[in-house]
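First up is the structure itself, then whatever we jot down about it.
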Amino acid sequence: EPEVTQTPSHQVTQMGQEVILRCVPISNHLYFYWYRQILGQKVEFLVSFYNNEISEKSEIFDDQFSVERPDGSNFTLKIRSTKLEDSAMYFCASRGLAGRGDTQYFGPGTRLTVL
Amino acid sequence: RKEVEQDPGPFNVPEGATVAFNCTYSNSASQSFFWYRQDCRKEPKLLMSVYSSGNEDGRFTAQLNRASQYISLLIRDSKLSDSATYLCVVNTNAGKSTFGDGTTLTVKP
Numbered sequence: 281e282p283e284v285t286q287t288p289s290h291q292v293t294q295m296g297q298e299v300i301l302r303c304v305p306i307s308n309h310l311y312f313y314w315y316r317q318i319l320g321q322k323v324e325f326l327v328s329f330y331n332n333e334i335s336e337k338s339e340i341f342d343d344q345f346s347v348e349r350p351d352g353s354n355f356t357l358k359i360r361s362t363k364l365e366d367s368a369m370y371f372c373a374s375r376g377l378a379g380r381g382d383t384q385y386f387g388p389g390t391r392l393t394v395l
Numbered sequence: 610r611k612e613v614e615q616d617p618g619p620f621n622v623p624e625g626a627t628v629a630f631n632c633t634y635s636n637s638a639s640q641s642f643f644w645y646r647q648d649c650r651k652e653p654k655l656l657m658s659v660y661s662s663g664n665e666d667g668r669f670t671a672q673l674n675r676a677s678q679y680i681s682l683l684i685r686d687s688k689l690s691d692s693a694t695y696l697c698v699v700n701t702n703a704g705k706s707t708f709g710d711g712t713t714l715t716v717k718p
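Top line first, the protein sequences correspond to chains A and B. Using the numbering used here, the letters of the first sequence correspond one by one to residues 281 to 395. Using the numbering used here, the letters of the second sequence correspond one by one to residues 610 to 718.
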């Protein structure tokens, strides 16, 4: 069964450094998402992406964040200058147009630790 | 008021019990509704979509009441493996997904 993959599984970085989290969505999917979950808290929507542009973003997704689909398979989340409070699990998700409609399939997540 | 509000839980039930989770949402423009389950430190996995006509998948039944902006999940004959956090998720047409805080279920032998 096709699945969403994410790399790395765990990223440790120093405050102020840039990080890029990578996701490979399911191959025929067209909508892509990033979420984050701070330990012990709820899953929070960051951004949705369709047709090579952001379709919706939350208040969390400020100028420090950006997304890209550089090559038709990868979908990346960049945090320009990490802060301690960016430490969280980051989940990528994707969905297709047909079949199960709005169902989003989640990747296993990248745990980001900012020191 | 939270956009998606769930029973705070936790729910601790014996095996074989029936348990019901409730969820309300505030955005009347919401278009689609889901229950996901999340195991500790894992990604959310789709449990079922929720339709106005109600839908059932084995021991799980989901209901949606658009007028009341209310969603429910019923689990019958609970198993140890049902222990998880259950997430109510509401999508707008613009592609934004809002998660509830989750309700934790522990099924005990």
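In this text, a Cβ means the ideal position worked out from N, Cα and C, and glycines have one as well.
- Shown here for residue 332 of chain A: same chain residues with a beta carbon closer than 8 Å to its own, the five before and five after excluded, namely 349 in chain order.
- Taken through DSSP and simplified to helix, strand or coil, residue 710 of chain B comes out as coil.
- Excluding five sequence positions before and after residue 658 of chain B, the CB atoms of its chain that fall closer than 6 Å to its own CB belong to 643, given in chain order.
- In this structure, the beta-carbon distance from residue 312 of chain A to residue 355 of chain A falls below 8 Å.
- Residue A/295 holds the alpha-carbon nearest to the alpha-carbon of residue 359 of chain A among A/384, A/295, A/389, A/322.
- For residue 710 of chain B and residue 342 of chain A, the gap between their C-alpha atoms comes out near 22 Å.
- Annotation: the continuous beta strand (DSSP E) that includes residue 682 of chain B extends over 679-684.
- The C-beta distance from residue 671 of chain B to residue 681 of chain B rounds to 7 Å, short enough to meet the 8 Å contact threshold.
- Around the beta carbon of residue 393 of chain A, fewer than 16 other beta carbons sit within 10 angstroms, so the residue counts as exposed.
- Closer than 8 Å at the C-beta level to chain A, one finds these residues of the stretch 621-643 of chain B: 640, 641, 643.
- The Cβ atoms of residue 303 of chain A and residue 387 of chain A sit closer than 8 Å to each other.
- With at least 16 other beta carbons inside 10 angstroms of its own, residue 696 of chain B counts as buried.
- In the structure shown, residue 319 of chain A falls within a coil segment according to DSSP collapsed to helix, strand and coil.
- Judged by DSSP secondary structure, residue 374 of chain A falls within the beta strand (DSSP E) whose first and last residues are 368-375.
- Taking C-beta atoms under 8 Å as the contact rule, residue 619 of chain B and residue 713 of chain B qualify, at a distance of about 4 Å.
- Residue nearest to residue 616 of chain B within the set B/638, B/649, B/637, B/631 is B/631 (criterion: CA-CA distance).
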